[in-house]
Amino acid sequence: MSLRIRLQRKGRKKNAFYTIVVANSRSSRDGKFIDKIGFYNPNMNPFKVLLNINKAINWLQKGAKPTCTVKSIFFLKGVLFKKHILNGVKKGIVEKSEIKKKIKPWFLIKNKYF
Numbered sequence: 331m332s333l334r335i336r337l338q339r340k341g342r343k344k345n346a347f348y349t350i351v352v353a354n355s356r357s358s359r360d361g362k363f364i365d366k367i368g369f370y371n372p373n374m375n376p377f378k379v380l381l382n383i384n385k386a387i388n389w390l391q392k393g394a395k396p397t398c399t400v401k402s403i404f405f406l407k408g409v410l411f412k413k414h415i416l417n418g419v420k421k422g423i424v425e426k427s428e429i430k431k432k433i434k435p436w437f438l439i440k441n442k443y444f
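Counting along the sequence shown from 1, when you hit position 1 you're at 331 in our numbering, and nothing is skipped either side.
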């Protein structure tokens, strides 16, 4: 069973918002899902994203593959960067105490724009 992290459409006609879910790649877009990770509303200015970063990293480490749109959302929210640093901890390159020191400046730079 291959897992995908993807957007599930909600809302009414021409006013959609999305929930970010983990689902089987063969299930339909709005069909059954395994876990709900977050929420994405592109209609607001600026767009609104609520995301459980720890759940997202957990599913990525288990082998779930994000779709293109979800991957860009993960990049903006720092999920991919945090996963990269956690892989360094796993290999022994980075210590656990250094995680927050490395992530904090990255978030400060990103939050200027979003």
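Virtual Cβ for every residue (Gly too), placed ideally from N, Cα, C. Computed from a predicted structure; not experimentally measured.
Exercise. Between which two residues does the alpha helix (DSSP H) carrying ILE364 extend?
Worked result: That residue, ILE364, is in no alpha helix (DSSP H); it is neither H nor E in DSSP.
Exercise. What residue range is occupied by the uninterrupted alpha helix (DSSP H) comprising VAL413?
Worked result: First, the amino acid is wrong: residue 413 is Lys here, not Val. Element bounds for LYS413: 409 to 421.
Exercise. Name the DSSP bridge partner or partners of ARG334?
Worked result: ALA353, LYS395
For this session: Assess, as a yes-or-no matter, whether the stretch 361 to 370 is touched by the stretch 415 to 428 under the definition of 3 or more beta carbon pairs within less than 8 Å.
Result: no
For this session: Can you give me the start and stop residues for the beta strand (DSSP E) that VAL379 sits inside?
Result: 378 to 381
For this session: Let me know if LYS412 comes out buried or exposed under the rule of 16 or more other beta-carbons within 10 Å of its beta-carbon.
Result: buried
Exercise. Excluding sequence positions up to five away, which residues of its chain have a Cβ less than 7 Å from the Cβ of TYR437?
Worked result: A small fix is needed here, since residue 437 is Phe in this sequence, not Tyr. Once the five neighbours on either side are set aside, the close Cβ partners of PHE437 are GLY408.
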